[in-house]
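Report on one structure; see the data block that follows.
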Amino acid sequence: LVLEMIQRCQKKGIDVELYSDLFASSQLNYELDEFSGFFRFYARRQWTRTLQRFVKAVLDWLIGLVGSLVTLLIMPVGRLLINLEDGGPVFYRREFVGCDGNVRYYLKFRTMQREAEHILQNNPVLKAKFDEKYKLEDDPRVLRVGRLLRKYSLDEFPEFFSLLTGPLTF
Numbered sequence: 002l003v004l005e006m007i008q009r010c011q012k013k014g015i016d017v018e019l020y021s022d023l024f025a026s027s028q029l030n031y032e033l034d035e036f037s038g039f040f041r042f043y044a045r046r047q048w049t050r051t052l053q054r055f056v057k058a059v060l061d062w063l064i065g066l067v068g069s070l071v072t073l074l075i076m077p078v079g080r081l082l083i084n085l086e087d088g089g090p091v092f093y094r095r096e097f098v099g100c101d102g103n104v105r106y107y108l109k110f111r112t113m114q115r116e117a118e119h120i121l122q123n124n125p126v127l128k129a130k131f132d133e134k135y136k137l138e139d140d141p142r143v144l145r146v147g148r149l150l151r152k153y154s155l156d157e158f159p160e161f162f163s164l165l166t167g168p169l170t171f
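Just add 1 to wherever you are in the sequence shown, counting from 1, and you've got my numbering.
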């Protein structure tokens, strides 16, 4: 039916452009045969996926290693600044849901007061603002060193440990 319509249009001198999502899939491999004018469809080679996974795993490991080393270098300074201002733990365990649906955790430098959740729950005005946007501008619970860590995203550096060990991927 489509071929007949195209042939009728050709006879009348009407150019036809055919748009289809048939070729939009990344799973579909094809090429145009120059001699016959037909598309040739073929299966993706399995070894390329294996190679891609291997390269990705190596890159994750290398980036995780370099990032973890940098984290180890900045950790004493972060620990000192956090302890001077607030004491308590240096790291905060952040929960996330992996691609497989399992709950996992990664580390971040702690940027808030130790009792941040308690402060939020006991301050109705603060809680109402938080519930509105799920974020507070000029959050009073954030430590001074925490503002600095957040500004330069240094609080995220301990995540490289999770990248190195496998739960996270770059």
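All residues carry an ideal CB built from backbone N, CA and C; glycine is no exception.
Roughly how many angstroms lie between the CA atoms of residue i and residue j, to the nearest whole one?
| i | j | result |
| --- | --- | --- |
| Asn-124 | Ala-117 | 11 Å |
| Ala-58 | Leu-66 | 12 Å |
| Arg-111 | Gln-53 | 35 Å |
| Thr-170 | Trp-48 | 21 Å |
| Ile-64 | Ile-7 | 53 Å |
| Phe-131 | Glu-18 | 53 Å |
Within 10 angstroms of its Cβ, does residue i collect 16 or more other Cβ (buried), or is it exposed?
| i | result |
| --- | --- |
| Phe-161 | buried |
| Phe-42 | exposed |
Residues bridged to residue i by DSSP?
| i | result |
| --- | --- |
| Leu-108 | Arg-94 |
| Val-143 | Met-113 |
| Glu-18 | The partner list for Glu-18 (beta bridge, DSSP) is empty, contrary to what the question assumes. |
| Tyr-31 | Phe-42 |
So the candidates are the options; which of them puts its Cα closest to the Cα of residue i?
| i | options | result |
| --- | --- | --- |
| Pro-168 | Leu-81, Cys-100, Tyr-135 and Leu-150 | Cys-100 |
| Phe-92 | Phe-171, Pro-159, Ser-163 and Phe-36 | Pro-159 |
| Glu-157 | Glu-133, Asp-34, Tyr-106 and Met-6 | Tyr-106 |
| Arg-142 | Arg-115, Val-126, Asp-132 and Arg-151 | Arg-115 |
| Arg-95 | Leu-150, Leu-74, Leu-108 and Leu-70 | Leu-108 |
Exercise for review: Report the residue ranges of all beta strand (DSSP E) runs contained in full by the segment 36-97; include only those spanning at least 3 residues, in chain order.
Suggested key: 40-43
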